[in-house]
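Participant:
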Ligand SMILES: Nc1ncnc2c1ncn2[C@@H]1O[C@H](COP(=O)(O)OP(=O)(O)OP(=O)(O)O)[C@@H](O)[C@H]1O
Ligand SMILES: [Mg+2]
């Protein structure tokens with residue numbers, strides 16, 4: 422199969438149609454078949470309970486939701502659906518040709534509304550595609566707001582704490598100096614002093630996160646910058662993990678913040694190593710210059726055509742369940758234990774990549790591995806020949 426054909430295959434939209442009327446499912450399928458050049462995969466579910474099971478284990482671009490189901494009817498069906506699952510675009514399909522229901526569906530969180538018997542192929546496709554874009558935009562805006570508020574909140578709190586901790590550590594030091602070695606209180610003060618210093622380290626980390634979110638940018642050579650980080654972190658790689666590097670950009674420049682780029686590589690690297698921690702595995706890191714000659718199908722969170730540095734960090738670890746894919750970039754989302762992860766790694770990576778005008782995509786197959794792909798816009802035409810490539814809309 423040619424690369425282009427494979428890319429087209431991958432772009433198939435995955436649609437989940439929830440409706441208990443087989444005749445309606447037939448009509449919808451017939452309508453989709455008639456849409457020219459529209460690649461899709463349709464999965465059918467005839468009740469909400471079954472639909473939730475399907476959504477737990479598979480990714481869908483859009484859900485078409487009938488409002489009259491065995492479990493509930495009317496706008497309640499949508500409310501019930503969104504209470505359990507609210508990260509896929511929803512187009513409500515109903516027999517009710519009722520303006521109030523349609524407005525209410527949109528207000529409750531659906532991306533669009535279609536009336537049974539009143540849709541035809543092009544209109545259906547347009548509705549589906551618009552709904553997907555609308556949902557992506559909403560998620561993006563929410564994520565951005567979360568990140569921005571997290572940045573300023575943690576920055577503000579950390580700053581306050583820093584001031585308080587300076588007073589605490591200063592007074593502990595002064596008091597300890599005034600107490601003779603023989604006094605048992607000295608030991609208590611020293612322990613309090615050590616704890617205050619640990620607290621200062623945590624605060625410093627929070628300040629770093631906040632600062633990274635508004636770091637300034639200068640032209641940097643992306644290849645050598647990434648090579649330097651890899652040389653550094655490779656030393657910490659457990660013996661059970663083999664590392665393959667393919668760093669191709671030698672002179673290509675990006676407008677960036679080297680500390681931020683280090684953080685991106687370190688966080689992706691750490692996640693990959695962690696995913697392979699109880700097994701042997703291969704970690705592949707590659708960097709190349711690419712030219713996207715057609716803009717992403719997703720205008721809102723996909724790249725325009727142009728020149729990019731493409732960084733890929735791939736592991737053969739345990740992979741990620743489809744049900745949590747949409748939460749990966751959320752601040753404080755973690756599946757790790759209390760002392761293993763804060764859930765900030767990917768949130769910070771996402772923030773930094775966006776600051777650089779770039780894009781990030783994570784693909785994973787449970788049990789097989791994960792691939793994080795980052796695109797960063799290049800500053801100018803690199804002299805070397807670039808590979809032409811497509812950026813497929815991935816989950
Ligand atoms: N390469 C990967 N393989 C498997 N799961 C991953 C991978 N990368 C991320 N994840 C999943 O995404 C979650 C969030 O990742 P993120 O880096 O944001 O936080 P974390 O690694 O849990 O904690 P932190 O990075 O703050 O130490 C992880 O808890 C894990 O479940
Ligand atoms: Mg992490």
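Numbering (my numbering), first residue to last: 422 to 816.
Backbone N, C-alpha and C fix where the C-beta goes; we use that ideal spot for every residue, glycine too.
Please read these numbers as outputs of a predicted model, since none were measured by experiment.
Along the chain, where does the beta strand (DSSP E) containing residue 728 start, and where does it finish?
Facilitator: 727 to 736
Participant: Please tell me whether, using a cut-off of 7 Å, the distance from the CB of residue 781 to the nearest non-hydrogen atom of ligand 1 is below it.
Facilitator: no
Participant: In the DSSP assignment, the beta strand (DSSP E) including residue 435 goes from what residue to what residue?
Facilitator: Per DSSP, residue 435 belongs to the beta strand (DSSP E) from 434 to 439.
Participant: Using 7 Å as the cut-off, classify the Cβ of residue 683 as near or not near the heavy atoms of ligand 2, replying yes or no.
Facilitator: no
Participant: Apart from the five residues on each side of it in sequence, which residues of its chain come closer than 7 Å, Cβ to Cβ, to residue 589?
Facilitator: 617
Participant: Between the stretch 688 to 698 and the stretch 641 to 659, do three or more beta carbon pairs fall short of 8 Å?
Facilitator: yes
Participant: One question on the structure: do residue 624 and residue 586 come within less than 8 Å of each other, judged by their Cβ atoms?
Facilitator: It is a contact, given that the beta carbons lie within the stated cut-off.
Participant: Return the residue from the list 661, 583, 598 and 645 that minimises the CA-CA distance to residue 626.
Facilitator: For the options 661, 583, 598 and 645, the alpha carbon positioned closest to that of residue 626 is the one of 583.
Participant: Contact between the stretch 786 to 796 and the stretch 725 to 738 is defined here as three or more beta-carbon pairs at a separation below 8 Å; is this criterion met?
Facilitator: A contact exists between the stretch 786 to 796 and the stretch 725 to 738.
Participant: Are the stretch 430 to 444 and the stretch 525 to 532 touching by the rule of at least three beta carbon pairs closer than 8 Å?
Facilitator: no
Participant: Could you pull out every unbroken beta strand (DSSP E) segment of at least 3 residues lying fully inside the stretch 442 to 527, listed in chain order?
Facilitator: Counting only runs of 3 or more, we get 461 to 466, 483 to 487 and 510 to 515.
Participant: Taking Cβ to Cβ, would you say residue 485 is nearer than 8 Å to residue 439?
Facilitator: Yes, Cβ-Cβ distance for residue 485 and residue 439 is below 8 Å.
Participant: In this structure, how does DSSP classify residue 720 when only helix, strand and coil are distinguished?
Facilitator: For residue 720, the predicted structure reports a pLDDT of 46, less than 50, and the residue's modelled location is therefore unreliable. The matter cannot be settled from this model.
Participant: Looking only at its own chain, which residues have a Cβ that is under 6 Å from the Cβ of residue 705, when we skip the five neighbours before and after it?
Facilitator: 665 and 735
Participant: Tell me which residue opens and which closes the alpha helix (DSSP H) that residue 768 is part of.
Facilitator: Counting along the chain, residue 768 sits inside the alpha helix (DSSP H) bounded by residues 766 to 776.
Participant: So, residue 777 versus residue 797, is the Cβ gap smaller than 8 Å?
Facilitator: yes
Participant: Go through its chain and collect everything with a Cβ distance to residue 363's Cβ below 6 Å, but skip five positions before and after it.
Facilitator: Residue numbering for the chain in the displayed model covers 422 to 816; residue 363 lies beyond these limits and cannot be assessed.
Participant: Are the stretch 446 to 457 and the stretch 538 to 551 touching by the rule of at least three beta carbon pairs closer than 8 Å?
Facilitator: Note that the stretch 446 to 457 touches the stretch 538 to 551; at least 3 beta-carbon pairs, one per stretch, sit closer than 8 Å.
Participant: If you check the beta carbons only, do residue 620 and residue 611 fall under 8 Å apart?
Facilitator: no
Participant: For residue 768 and residue 595, which I take to be in contact (beta-carbon distance under 8 Å), what is that distance rounded to the nearest angstrom?
Facilitator: Not a contact, Cβ separation roughly 39 Å.
Participant: If you run the structure through DSSP and keep just helix, strand and coil, what is residue 804?
Facilitator: Below a pLDDT of 50, predicted positions are generally treated as unreliable, and residue 804, at 48, falls in that range; the measurement from the model is reported next regardless. Residue 804 falls in the coil class under three-state DSSP.
Participant: For residue 465, which option in 436, 678 and 639 has the closest C-alpha, if you only look at C-alpha atoms?
Facilitator: Measuring C-alpha to C-alpha distances from residue 465 to each of 436, 678 and 639 identifies 436 as the nearest.
Participant: With which residues is residue 706 paired in a DSSP beta bridge?
Facilitator: Beta-bridge pairing links residue 706 to 666 and 734.
Participant: Assuming the contact rule is C-beta atoms closer than 8 Å, residue 641 and residue 674 should be a hit. Round their C-beta distance to whole Å, please.
Facilitator: 7 Å
Participant: Does the Cβ-Cβ distance between residue 713 and residue 727 come in under 8 Å?
Facilitator: For residue 713 and residue 727, yes; Cβs fall inside 8 Å.
Participant: Please list, in chain order, all residues of the same chain as residue 779 whose beta carbon is under 7 Å from its beta carbon, the five residues on each side excluded.
Facilitator: 795, 796, 797 and 798
Participant: Taking the beta strand (DSSP E) that residue 782 falls in, what are its first and last residues?
Facilitator: 780 to 786
Participant: Just to confirm, does residue 658 get its C-beta within under 7 Å of one of the non-hydrogen atoms of ligand 2?
Facilitator: no
Participant: Taking the alpha-carbon positions, what's the residue 483 to residue 788 distance?
Facilitator: Their Cα atoms are separated by approximately 25 Å.
Participant: For residue 489 and residue 480, I'd like the C-alpha separation in whole angstroms.
Facilitator: Cα to Cα, residue 489 sits roughly 24 Å from residue 480.
Participant: When a residue counts only if its C-beta is closer than 5 Å to some heavy atom of ligand 2, which residues count, in chain order?
Facilitator: 692 and 766
Participant: Going by beta-carbon coordinates alone, are residue 781 and residue 774 separated by less than 8 Å?
Facilitator: yes
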